[in-house]
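**Student:** I am attaching a structure below and will ask some questions about it afterwards.
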Amino acid sequence: MTTMCWDMRDAYFGALEGGLAGDVCLRPSENLEALLLKLPPGVLSQFTGCGSPIPESIEGCRVLDLGCGTGRDVFLCAALTGPKGFVMGLDSEPSMLAVARGSVEEVMKNFGHPEPNVAFREGSFDALTDAGLYKEDFDVVISNRALSMVDDKLKVLKEVHRVLKRGGEFYSSELFSDRRLPEHLKEDPLMKERGLGKTLYLGDFMRMAERAGIKDPRIVDACPAEFDDPALTKTLGEVRFYAVTLRLFKIAELEEGEEDYGQSVLYNGTLEGFTECFKLDWRNIFYKGVERRVDGNTAKILSSPRYSAHFTLIGDDATHLGPFKGPSA
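Using the numbering used here, the letters of the sequence shown correspond one by one to residues 59 to 387.
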């Protein structure tokens, strides 16, 4: 499978403001590439995800990786959270977990951690309590194509919402379709073989997230998936698949739409690895020292514990000015 930049004018949210990184689905960022060199070949060789859905500013955080496989993203997060953070990997495949657990000592030595800050558990994504994962236990939950493999995606989202702390973030990279799959495609042997039969329509996912209690989900990046198999391309017909990275925040005060309170933010340039520019989502890109108008929800997100130290918020939400018309309005 190959990927290329997706012009989101043809997608769910309308016109793209700032453009997308064309290779975002092809490879991790430079700092993650350096960390990948410290991981054993056995961890890397069985990786089946898309990119590395790891958000910024997770030092000292408690992180959960749904569908961790052999632990690649768990170990990357372990390096970024540092010794004071903790990362839990959850997967339903014992053979994958065996590889992950067998790699812990080597990886911790390579990272220079005095003690392991990771753990791995076997369990189902839609029953996190059964795996010993409890309410408001994690600052961040990540997922790399895990949702594409389960039937009851709404239940998984509700479980994610439950285990996230208030102000926490679900950062996910998933495959989505541009329409609801007809039954004959869901049951097609080739579709099942390639793990595509359970792929969700992006529009349905956005509505499902709100039903799970997660308002205003944000698209960070998206790339079209092109398949090299002519038989699969013929089977799909006009159906298209996209690799999409999303942020979903557990902030009860978020509103359903974008509202204007006359607020602005100033990026301080202090997020590690993002000294000049930070991209919250495809419509909100912040440059160091440049004041930018934002809607009320974005102001609340950037005021959450992980981000507040890196932004200066100007104004409050005392006066409502109507719907938000954009940063230049």
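The C-beta atom is built at its ideal place from N, Cα and C for all residues, glycine as well.
Alpha carbon to alpha carbon, what distance is there between ASP188 and LYS216?
**Tutor:** LYS216 and ASP188: Cα-Cα distance of roughly 15 Å.
**Student:** Look up ILE359 in the DSSP assignment and say whether it is helix, strand or coil.
**Tutor:** Of the three classes helix, strand and coil, the one that applies to ILE359 here is helix, per DSSP.
**Student:** Counting beta carbon pairs with one atom in the segment 91 to 104 and one in the segment 161 to 170, are three or more of them shorter than 8 Å?
**Tutor:** Taking 8 Å as the limit for Cβ pairs, the verdict is that the segment 91 to 104 does touch the segment 161 to 170.
**Student:** Count the CB pairs spanning the segment 124 to 137 and the segment 145 to 158 that are closer than 8 Å, and state whether there are at least three.
**Tutor:** With the cut-off at 8 Å, the segment 124 to 137 and the segment 145 to 158 touch.
**Student:** Assign THR370 to one of three DSSP states: helix, strand, or coil.
**Tutor:** Residue state, collapsed to three classes: strand.
**Student:** Kindly provide the ranges of any beta strand (DSSP E) runs that are 3 or more residues long and lie completely inside the segment 159 to 199, ordered along the chain.
**Tutor:** Qualifying beta strand (DSSP E) stretches, in chain order: 176 to 180.
**Student:** Would you kindly work out how many angstroms separate the C-alpha atoms of PRO240 and ARG203, rounded to a whole number?
**Tutor:** Spanning the two alpha carbons is a distance of roughly 21 Å.
**Student:** How far does the alpha helix (DSSP H) with LYS213 in it reach, from first residue to last?
**Tutor:** Run containing LYS213: 211 to 221, per the alpha helix (DSSP H) assignment.
**Student:** Taking the alpha-carbon positions, what's the PHE285 to GLY327 distance?
**Tutor:** Straight-line Cα distance between these residues: approximately 39 Å.
**Student:** Is the distance from the Cβ of VAL198 to the Cβ of VAL297 below 7 Å?
**Tutor:** Taking 7 Å as the Cβ cut-off, VAL198 and VAL297 do not qualify as a contacting pair.
**Student:** With LYS337 as the anchor, note down where its beta strand (DSSP E) starts and where it stops.
**Tutor:** Note, LYS337: beta strand (DSSP E), 335 to 339.
**Student:** For the candidate residues ARG364, SER231, PHE183, whose alpha-carbon lies nearest to that of CYS281?
**Tutor:** The option with the nearest alpha carbon to CYS281 is SER231.
**Student:** Within the same chain, show all residues whose beta-carbon is closer than 8 Å to that of ASP374, passing over the 5 residues directly before and after it, in chain order.
**Tutor:** Closer than 8 Å at Cβ, skipping near neighbours: TYR319, GLN321.
**Student:** Look at the Cβ atom of PRO385, then the Cβ atom of ARG351, and state whether they are nearer than 7 Å.
**Tutor:** In this structure, ARG351 lies closer than 7 Å to PRO385 by Cβ.
**Student:** Is PHE178 closer than 7 Å to ARG159 when the C-beta atoms are compared?
**Tutor:** Yes, these two residues count as a Cβ contact at 7 Å.
**Student:** Whose C-alpha, out of VAL218, LYS213, ILE200, is nearest the C-alpha of LEU191?
**Tutor:** Checked all of VAL218, LYS213, ILE200; the closest Cα to LEU191 is VAL218.
**Student:** What is the DSSP secondary structure of LYS383, reduced to helix, strand or coil?
**Tutor:** LYS383 falls in the coil class under three-state DSSP.
**Student:** Leaving out five residues before and five after LEU329 in sequence, what residues of the same chain have Cβ atoms less than 7 Å from its Cβ?
**Tutor:** Cβ within range, chain order: GLU114, SER115, PHE336, HIS368.
**Student:** Sorted by chain position, which residues of the same chain lie with C-beta nearer than 7 Å to LYS142's C-beta, five sequence neighbours on each side aside?
**Tutor:** Closer than 7 Å at Cβ, skipping near neighbours: GLY118.
**Student:** Do LEU312 and ASP274 have their CB atoms nearer than 7 Å?
**Tutor:** Against a cut-off of 7 Å, the Cβ pair of ASP274 and LEU312 comes out as a contact.
**Student:** In this structure, how does DSSP classify GLY140 when only helix, strand and coil are distinguished?
**Tutor:** Coil at GLY140, not helix or strand.
**Student:** Measuring alpha carbon to alpha carbon, tell me which residue in GLN104, THR333, ALA357, GLY315 is nearest VAL157.
**Tutor:** Taking only the C-alpha atoms, the option nearest VAL157 is GLN104.
**Student:** Whose CA, out of THR303, ASN355, THR370, lies closest to the CA of PRO381?
**Tutor:** Of the candidates THR303, ASN355, THR370, the one whose C-alpha sits nearest the C-alpha of PRO381 is ASN355.
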